[in-house]
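J.:
Numbering (the numbering used here), first residue to last: 3 to 146.
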């Protein structure tokens, strides 16, 4: 999978470093821009999965990105197609249609992709930097 770099102003220069970002994903803070029923893609960490008994097979997933949260509605037939991603994914990319009702915005899922390996990539990058920093510290202190 090709990974694009985040190009928001906060990631250029003074803000936090750029991080791998799924291509063509809308940030949570920008969900008010597309019109109702527009097809969008969002991505984020899974912070909540709900499957209420009264919801007739509907699953509610909440994703969090660097700017906020995104509410996802997963209908039963979509869940059956993307079951592994919905159940086990730590980070998901969801493509679907925008829905707004009573000042709440949802994405009605049409496709769900588990992009959890991007988290492992971040950990690998940070671990390498951490080890290098520890080595420099030990050398600086004269312990090595």
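Think of the CB as a built atom: it goes at the ideal place given N, C-alpha and C, for glycine as much as any other residue.
Note that the structure is predicted; figures quoted are calculated from it, not measured.
1) Return yes when the Cβ of residue 38 is within less than 9 Å of the Cβ of residue 28, no when it is not.
2) Strictly by DSSP, which residues pair up with residue 111?
3) Are the beta-carbon atoms of residue 50 and residue 67 separated by less than 9 Å?
4) What distance in whole Å lies between the Cβ atoms of residue 57 and residue 100, which are believed to be in contact at a cut-off of 8 Å?
5) Is residue 89 buried or exposed, if buried means 16 or more other CB atoms sit within 10 Å of its CB?
6) Please tell me whether residue 64 and residue 32 are closer than 9 Å, where the distance is taken between their beta carbons.
7) Whose C-beta lies closer than 8 Å to the C-beta of residue 71 among residues of the same chain, with five residues either side of it excluded?
8) On the DSSP letters alone, give me the boundaries of the alpha helix (DSSP H) that residue 45 sits inside.
9) Which partner residues does residue 67 have in the DSSP bridge list?
10) Residue 84 to residue 61, Cα distance in whole Å?
11) Tell me which same chain residues have a C-beta within less than 6 Å of the C-beta of residue 118, skipping the five on either side of it?
12) Counting only the same chain and skipping the five closest in sequence on each side, list residues whose C-beta sits under 7 Å from that of residue 121.
T.: By the coordinates alone:
1) Your numbering for residue 28 matches position 26 in the chain shown. Your numbering for residue 38 matches position 36 in the chain shown. Going by C-beta atoms, residue 28 is not nearer than 9 Å to residue 38.
2) Locating residue 111 in the chain shown gives position 109, where the first residue counts as 1. Bridge partners of residue 111: 98.
3) Here residue 50 corresponds to residue number 48 of the chain shown, with the count starting at 1. Here residue 67 corresponds to residue number 65 of the chain shown, with the count starting at 1. The answer is no: Cβ separation not under 9 Å.
4) On the chain shown, residue 100 is found 98 positions in, with the first residue counted as 1. On the chain shown, residue 57 is found 55 positions in, with the first residue counted as 1. About 20 Å separates the two Cβ atoms, so there is no contact after all.
5) As a first step, residue 89 is located in the chain shown; it is residue number 87 there, counting from the start. So residue 89 counts as exposed.
6) Residue numbering aside, residue 64 sits at position 62 when the chain shown is read from its first letter. Residue numbering aside, residue 32 sits at position 30 when the chain shown is read from its first letter. Not closer than 9 Å, so no.
7) Position 69 of the chain shown, counted from the first residue, corresponds to residue 71. Answer for residue 71: 30, 46, 49, 64 and 65, listed in chain order.
8) Numbered from its first residue, the chain shown carries residue 45 at position 43. Here residue 45 belongs to no alpha helix (DSSP H); instead the beta strand (DSSP E) covers 41-52.
9) By 1-based counting over the chain shown, the position of residue 67 is 65. In the DSSP output, where bridge partners are listed per residue, residue 67 has 70.
10) Within the chain shown, residue 84 is the residue found at index 82, counting from 1. Within the chain shown, residue 61 is the residue found at index 59, counting from 1. The straight-line gap from Cα to Cα measures roughly 12 Å.
11) Looking up residue 118 in the chain shown gives position 116. Excluding sequence neighbours, residue 118 sits near 91, 92 and 93.
12) Residue mapping note: residue 121 aligns to position 119 of the chain shown, counting from 1. The residues are 92 and 93.
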